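S.K.:
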Amino acid sequence: MNKTVMDAFEALRGLEDNMTLMLGGFGLCGIPEKAIQAMHNLGVKGLTCISNNAGVDDFGLGILLERHQIKKMISSYVGENAEFERQLLSGELEVELNPQGTLAERCRAGGAGIPAFFVPAGYGTEIAEGKEIRKFNGKMFLLETALTADFAIVKAWKGDTAGNLIYRHTANNFNNMMAMAGKITIAEVEELVPAGELDPNCIHTPGIFVQRVFQGEKYEKRIEFATTSD
Amino acid sequence: MNKTVMDAFEALRGLEDNMTLMLGGFGLCGIPEKAIQAMHNLGVKGLTCISNNAGVDDFGLGILLERHQIKKMISSYVGENAEFERQLLSGELEVELNPQGTLAERCRAGGAGIPAFFVPAGYGTEIAEGKEIRKFNGKMFLLETALTADFAIVKAWKGDTAGNLIYRHTANNFNNMMAMAGKITIAEVEELVPAGELDPNCIHTPGIFVQRVFQGEKYEKRIEFATTSD
Amino acid sequence: MSLDKNEIAKRIAKELKDGYYVNLGIGIPTLVANFIPKVIEVVLQSENGLLGIGPFPIKKELDADLINAGKQTVTYVKGAAFFDSATSFAMIRGGHIDLTVLGAFQVNERGDIASWKIPGKMIKGMGGAMDLVASAKNIIVAMTHTDRKGKSKLLKECNLPLTGVSCVKRIVTDIAVVDITPAGFKLIERAPGVSVEEIVEKTEAPIIVNGDIPQMQL
Amino acid sequence: MSLDKNEIAKRIAKELKDGYYVNLGIGIPTLVANFIPKVIEVVLQSENGLLGIGPFPIKKELDADLINAGKQTVTYVKGAAFFDSATSFAMIRGGHIDLTVLGAFQVNERGDIASWKIPGKMIKGMGGAMDLVASAKNIIVAMTHTDRKGKSKLLKECNLPLTGVSCVKRIVTDIAVVDITPAGFKLIERAPGVSVEEIVEKTEAPIIVNGDIPQMQL
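Chains as they are written, first to last, in this note's numbering: chain A, 2 to 231; chain B, 2 to 231; chain C, 2 to 219; chain D, 2 to 219.
Listed below in structure tokens is the structure:
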């Protein structure tokens with residue numbers, strides 16, 4: 002089953018204004034930089050983006066924010082982006098903040114057909130407002146609901162033509178769960194190989210979750226905070 | 002952090018009558034055969050065993066059933082075991098049947114600190130009796146609760162001294178989730194290597210979930226139905 | 002002539018489309034794999050943790066770590082992936098499987114299915130069947146039209162414990178292809194040489210027969 | 002003398018026990034890693050998907066795919082494992098982490114913590130902090146005793162939005178170690194040269210002082 006497409010533009014076929022997207026990555030690590038650039042070029046608008054972070058001013062989701070292509074963000078931490086903060090304070094941008102583990106689990110639940118589940122995170126805080134609260138074994142929990150997306154866009158290290166994906170180091174993060182939760186899931190990979198070349202025991206995302214895969218060219222993979230010991 | 006113990010007996014230290022266990026495996030594939038044999042030798046009784054299946058008459062959990070060491074099974078399919086059926090019909094054994102995916106998710110939830118979650122499996126059937134039912138997006142779901150165990154006992158292909166585990170082929174099945182859900186998790190492995198020798202990108206069960214690991218000798222790995230094309 | 006197991010499987014294989022991810026249950030459904038048209042590509046999922054089931058192994062390649070959900074030894078194809086049971090049922094529950102084929106004791110006219118328990122007689126458990134029928138977008142049941150005593154298995158109401166409700170879309174039996182519609186059972190095809198009258202007679206519930214009913218093409 | 006950041010981290014490092022899995026938050030908590038006693042083994046978890054954080058890399062080994070939860074480049078130790086965010090928070094939520102150290106704006110006498118939001122000023126988000134404080138068995142807060150304006154951060158009631166309730170077990174500040182007990186704050190240790198009176202004065206809420214309060218050993 003060959004799911005290869007030529008490039009980010011072919012992968013994004015069907016993307017329309019006002020759609021809901023999931024985008025993998027933590028900070029700038031493991032973000033689908035080619036698909037984000039393509040969406041910037043396409044100029045699609047009114048997007049709801051589910052992404053742990055919002056990029057920086059000139060890279061990652063920051064470039065979509067800068068063009069006002071994003072209507073709403075569902076994230077856990079958006080602190081590295083001055084334009085984000087400006088749009089939010091001015092009311093141009095809507096944001097829904099989720100505890101990071103809740104966000105991760107909501108994506109997994111969306112992919113796994115679990116409409117809702119209980120977690121302790123946020124009990125007693127403003128996150129709990131309007132949510133069902135229930136006690137289990139003497140501890141309080143909130144009911145959280147699943148997230149899905151019109152397009153889930155993920156970035157992997159290696160992929161095969163059947164859509165199987167392997168991530169490298171901490172560039173996995175949200176990519177694996179988001180891949181499960183897209184009506185259409187796009188994977189961009191640094192290296193695309195024929196089906197059969199990846200070790201079937203070492204697949205992070207089985208191909209069934211991925212509808213389109215392409216190999217990106219010349220990844221920038223920008224480092225946010227280069228901390229060294231020398 | 003060296004979690005190596007000498008053998009199944011040392012791994013089972015602290016196991017007492019009437020405890021709740023999780024045991025990995027699907028049919029006879031990926032079962033912790035050394036730990037099961039050791040429990041048979043120890044003669045521990047009154048066990049509640051959470052395991053997808055119940056082994057066959059003379060292998061796997063069947064050998065504990067035969068000695069009447071099991072009080073209750075929580076399983077999805079127990080059909081390959083005549084002694085099981087006899088004890089159940091005679092009232093000697095209690096059994097709670099769960100849909101297989103629900104059982105898998107209940108174990109994962111136990112390990113992941115999620116006390117309850119909604120699934121569609123079993124709606125409209127006797128499995129739904131006494132369970133909360135709720136509609137999401139026009140479809141009906143049951144509220145299912147997490148499972149944990151005093152000991153989770155799993156079998157892996159390779160493990161390292163830090164408790165990291167890699168399963169082979171379909172011998173993963175329930176092992177990965179059950180490893181997450183044990184107060185004490187014991188892993189028996191076919192090959193135990195020093196920490197640092199397994200590829201950190203290809204670990205199925207991170208070592209944090211495993212408290213004790215040992216290398217078993219001479220695995221029988223019995224085949225339940227040897228079907229061939231020649 | 003009523004169909005044999007292989008012919009039922011062969012008929013069901015015609016339901017497969019290129020690019021489908023398919024879960025085949027134990028028994029007749031497993032045989033469907035032998036009749037997948039060569040011009041299409043279909044990936045078989047096994048709920049014990051394999052995407053990309055291959056044919057049975059040759060004796061020399063028997064591998065205790067490589068089985069299907071029926072605990073039979075299998076092989077895997079190029080592009081296969083292994084995973085744990087939670088991920089496997091995430092695929093199933095999450096609606097990622099395009100077609101599920103499974104056996105049944107009874108199906109009623111609303112698409113309820115009974116397939117896992119005969120009270121007082123059989124207590125093997127539901128395995129993954131309840132998850133599959135509660136989640137799949139497209140469920141085909143493979144079974145004989147009547148039981149060994151000649152009693153219809155297509156009923157107004159199931160009298161055995163249910164596996165799931167309002168889920169079966171189509172039934173392929175040894176004598177007919179029957180759809181479940183909002184108005185009840187509807188006859189779609191008849192087995193070669195089997196009359197519409199015989200099918201109606203062997204179906205306990207009312208069955209809609211509209212116009213000429215074509216013979217199955219096998 | 003009040004402690005500097007490194008001294009606070011050094012004091013917290015004394016809370017580590019052999020075999021602990023530890024999550025260190027951004028800021029002062031991250032510094033704790035530099036003071037882990039050599040005689041014990043501790044594994045550091047990073048909620049973005051790494052168990053077994055190593056020291057910062059040398060320039061030649063900088064790797065964009067290898068960062069901690071503060072988005073700083075790191076390395077990994079022998080026996081490390083990488084995983085996705087859902088698995089990472091399964092570790093955290095499931096109670097598999099032995100100790101969590103994080104910063105805070107305010108802590109109240111019941112162990113409620115405010116650490117993520119200053120209304121009208123800062124809207125960066127809670128990241129993983131809410132998951133961590135709601136789940137950890139053992140939470141130590143590292144912070145200065147007072148804010149820049151000299152206002153106490155150990156309060157009867159937090160006036161900033163909460164991150165979690167009844168969760169903090171111990172606070173290590175620049176002048177004291179304070180436990181949260183059912184009866185409220187309790188002074189455990191004082192920084193070298195800092196008087197009990199100064200600590201009591203800089204703590205807005207009542208603080209229990211029982212007998213002689215020892216100086217911290219650093």
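Using N, Cα and C, we set each Cβ at its ideal position, and we do this for glycine too. Remember, it's a predicted structure, so these values are computed and weren't measured experimentally.
Going by Cα to Cα distance, which pick from A:Lys140, A:Ser230, A:Ile224 and A:Thr126 is closest to Lys72 of chain D?
M.R.: The residue given as residue 72 of chain D occupies position 71 in the fourth sequence. Answer by Cα proximity: A:Ile224.
S.K.: State yes or no: is the C-beta of Val78 of chain D within less than 7 Å of the C-beta of Gly50 of chain D?
M.R.: Within the fourth sequence, residue 78 of chain D is the residue found at index 77, counting from 1. Within the fourth sequence, residue 50 of chain D is the residue found at index 49, counting from 1. No; because the gap between Cβ atoms is not below 7 Å, this pair is not in contact.
S.K.: Mind pulling the chain B residues with CB within less than 7 Å of Ser47 of chain D?
M.R.: Position 46 of the fourth sequence, counted from the start, is the residue given in the question as residue 47 of chain D. Around Ser47 of chain D, no beta-carbon contact reaches into chain B at under 7 Å, the shortest distance being about 12 Å.
S.K.: So, for Gly208 of chain A: in the same chain, excluding its five sequence neighbours on each side, which residues have a beta-carbon less than 6 Å away from its beta-carbon?
M.R.: Counting from one through the first sequence, the residue named residue 208 of chain A turns up at place 207. Closer than 6 Å at the Cβ level, and outside the excluded window around Gly208 of chain A, lie Ala163, Gly164 and Asn165.
S.K.: Is Ala10 of chain D helix, strand or coil when you go by DSSP?
M.R.: Numbered from 1 along the fourth sequence, position 9 holds the residue referred to as residue 10 of chain D. Looking at Ala10 of chain D - three-state DSSP - the assignment turns out to be helix.
S.K.: Assign Asn109 of chain C to one of two classes, buried (16 or more other C-beta atoms within 10 Å of its C-beta) or exposed (fewer than that).
M.R.: In the third sequence, residue 109 of chain C corresponds to position 108, counting from 1. It counts as buried.
S.K.: Exposed or buried, which one is Arg171 of chain C when buried takes at least 16 other CB atoms within 10 Å?
M.R.: The residue labelled residue 171 of chain C in the question sits at position 170 within the third sequence. Burial call: buried.
S.K.: With 7 Å set as the bound, which would you pick, yes or no: does the beta-carbon of Ala117 of chain B sit closer than that to a beta-carbon of chain A?
M.R.: Taking the second sequence and counting its residues from 1, the one referred to as residue 117 of chain B is at position 116. Output row for Ala117 of chain B: interface = yes.
S.K.: I'd like the span of the beta strand (DSSP E) that includes Ala150 of chain B, first residue to last.
M.R.: Translated into positions along the second sequence, residue 150 of chain B becomes position 149. Where Ala150 of chain B is concerned, the enclosing beta strand (DSSP E) stretches over Ala150 to Asp161.
S.K.: For Pro121 of chain B, is the classification buried or exposed, using 16 other Cβ atoms within 10 angstroms of its Cβ as the cut-off for buried?
M.R.: As a first step, residue 121 of chain B is located in the second sequence; it is residue number 120 there, counting from the start. Per the 10 Å Cβ criterion, buried.
S.K.: Is the region 46-54 of chain A in contact with the region 69-77 of chain A, if contact means three or more CB pairs nearer than 8 Å?
M.R.: yes
S.K.: Can you find the residues in the same chain that come closer than 7 Å, C-beta to C-beta, to Ser136 of chain D, ignoring five residues on each side of it along the sequence?
M.R.: Position 135 of the fourth sequence holds residue 136 of chain D. The beta carbon of Ser136 of chain D is closer than 7 Å to those of Ile93, Arg94 and Gly96 in its chain, skipping five residues each way along the sequence.
S.K.: Under 7 Å between the Cβ atoms of Gly61 of chain A and Ile32 of chain A?
M.R.: Here residue 61 of chain A is taken as the residue at index 60 of the first sequence, counted from 1. Here residue 32 of chain A is taken as the residue at index 31 of the first sequence, counted from 1. Their beta carbons are under 7 Å apart, which means Gly61 of chain A touches Ile32 of chain A by this criterion.
S.K.: For a contact defined as C-beta to C-beta under 9 Å, what are the partners of Met181 of chain A on chain C?
M.R.: Counting from one through the first sequence, the residue named residue 181 of chain A turns up at place 180. The answer, in chain order, is Thr88, Ala91, Met92, Gly95 and His97.
S.K.: Please classify Asn202 of chain B: does DSSP put it in a helix, a strand, or coil?
M.R.: The residue labelled residue 202 of chain B in the question sits at position 201 within the second sequence. In the three-state DSSP reduction, Asn202 of chain B falls in the helix class (H, G or I).
S.K.: Measure from the alpha carbon of Ile140 of chain D to the alpha carbon of each residue in D:Lys150, D:Glu42 and D:Gly104, then state which is nearest.
M.R.: Stepping through the fourth sequence from its first residue, residue 140 of chain D is reached at position 139. The candidate whose alpha carbon is nearest that of Ile140 of chain D is D:Gly104.
S.K.: What in chain A is Cβ-close to Phe106 of chain D, meaning under 7 Å?
M.R.: Residue numbering aside, residue 106 of chain D sits at position 105 when the fourth sequence is read from its first letter. None at all; the shortest Cβ gap to chain A is about 14 Å.
S.K.: Under 9 Å between beta-carbons, which chain A residues line up against His170 of chain B? List them in chain order, please.
M.R.: Residue 170 of chain B sits at position 169 when you count from the first residue of the second sequence. Residues of chain A passing the Cβ test: Pro201 and Asn202.
S.K.: Measure from the C-beta of Tyr21 of chain D to each C-beta in chain B and report whether the shortest distance is under 7 Å.
M.R.: Taking the first residue of the fourth sequence as position 1, residue 21 of chain D is located at position 20. Chain B, which has no Cβ nearer than 7 Å to the Cβ of Tyr21 of chain D, makes this no.
S.K.: Just to confirm before moving on: does the CB-CB distance between Ala206 of chain C and Lys150 of chain C stay below 7 Å?
M.R.: Position 205 of the third sequence holds residue 206 of chain C. Position 149 of the third sequence holds residue 150 of chain C. No, these two residues do not count as a Cβ contact at 7 Å.
S.K.: Within a Cβ cutoff of 7 Å, which residues of the same chain sit near Lys6 of chain D, ignoring the five residues on either side of it in sequence?
M.R.: Taking the fourth sequence and counting its residues from 1, the one referred to as residue 6 of chain D is at position 5. Contacts found: Ile29 and Leu32.
S.K.: Since I believe Lys35 of chain A is in contact with Glu189 of chain A (beta carbons under 8 Å), could you give me their beta-carbon distance rounded to a whole number of angstroms?
M.R.: Within the first sequence, residue 189 of chain A is the residue found at index 188, counting from 1. Within the first sequence, residue 35 of chain A is the residue found at index 34, counting from 1. Their Cβ separation, rounded to whole angstroms, is 5 Å, which keeps Glu189 of chain A and Lys35 of chain A in contact under 8 Å.
S.K.: Does any residue of chain B bring its CB to less than 7 Å from the CB of Phe36 of chain C?
M.R.: Counted from its first residue, the third sequence places residue 36 of chain C at position 35. Chain B, which has no Cβ nearer than 7 Å to the Cβ of Phe36 of chain C, makes this no.
S.K.: Can you name, in chain order, every residue of its own chain whose Cβ lies under 6 Å from the Cβ of Glu81 of chain B, other than the five neighbours on each side?
M.R.: Along the second sequence, one-based indexing puts residue 81 of chain B at 80. Hits under 6 Å: Val57.
S.K.: So is Ala184 of chain D buried or exposed if we call it buried at 16+ other beta carbons inside 10 Å?
M.R.: Within the fourth sequence, the letter at position 183 stands for residue 184 of chain D. Note on Ala184 of chain D: under 16 other CB atoms within 10 angstroms of its CB, so exposed under the neighbour-count rule.
S.K.: CB-CB under 7 Å to Leu133 of chain D, same chain, minus the five flanking residues each way: which ones, in chain order?
M.R.: Reading the fourth sequence from its first residue, position 132 is the one you call residue 133 of chain D. Answer for Leu133 of chain D: Asn24, Ile93, Thr101 and Leu103, listed in chain order.
S.K.: Please name the residue, chosen from C:Phe106, C:Ile189, C:Ile13 and C:Ser196, that lies closest to Met123 of chain C on a Cα-to-Cα basis.
M.R.: To locate residue 123 of chain C, count along the third sequence from 1; it is residue 122. Taking only the C-alpha atoms, the option nearest Met123 of chain C is C:Phe106.
S.K.: Using the three-state DSSP reduction, which class does Ile59 of chain C fall into: helix, strand or coil?
M.R.: Reading the third sequence from its first residue, position 58 is the one you call residue 59 of chain C. Correct three-state label for Ile59 of chain C: coil.
S.K.: Mind listing the chain B neighbours of Gly114 of chain A? Cutoff is C-beta to C-beta under 8 Å, in chain order.
M.R.: Here the question's residue 114 of chain A lines up with position 113 in the first sequence. Per Cβ cutoff of 8 Å: Val120 and Pro121.
S.K.: Can you check whether the CB of Gly111 of chain A is closer than 7 Å to the CB of Ala157 of chain A?
M.R.: Counting from 1 along the first sequence, the entry for residue 157 of chain A is found at position 156. Counting from 1 along the first sequence, the entry for residue 111 of chain A is found at position 110. Result no, Cβ atoms of Ala157 of chain A and Gly111 of chain A do not sit closer than 7 Å.
S.K.: Listed from N- to C-terminal order along the chain, which residues in the region 209-228 of chain B have their beta-carbon within a distance smaller than 7 Å of any beta-carbon of chain A?
M.R.: Closer than 7 Å at the C-beta level to chain A, one finds no residue of the region 209-228 of chain B.
S.K.: Consult DSSP for Gln107 of chain C and reduce its assignment to one of helix, strand or coil.
M.R.: One-based indexing of the third sequence puts residue 107 of chain C at position 106. In this structure, DSSP gives Gln107 of chain C an extended state, which the three-state scheme calls strand.
S.K.: The region 64-80 of chain D: which residues have C-beta closer than 9 Å to a C-beta of chain A, in chain order?
M.R.: Asp64, Ala65, Asp66, Leu67, Ile68, Asn69, Ala70, Gly71, Lys72, Gln73, Thr74, Val75, Thr76 and Tyr77
S.K.: Using the rule of at least 16 other Cβ atoms within 10 Å of the residue's Cβ for burial, across every protein chain shown, is Arg68 of chain B buried or exposed?
M.R.: Locating residue 68 of chain B in the second sequence gives position 67, where the first residue counts as 1. Classification of Arg68 of chain B: exposed, given that the 10 Å Cβ count is below 16.
S.K.: Can you give me the C-alpha to C-alpha distance between Thr5 of chain A and Glu218 of chain A, rounded to a whole angstrom?
M.R.: Indexing the first sequence from 1 puts residue 5 of chain A at position 4. Indexing the first sequence from 1 puts residue 218 of chain A at position 217. One C-alpha to the other measures close to 15 Å.
S.K.: Please name the residues in the region 76-102 of chain B whose beta-carbon is closer than 7 Å to at least one beta-carbon of chain F, in chain order.
M.R.: The structure shown contains no chain F; its protein chains are A, B, C and D.
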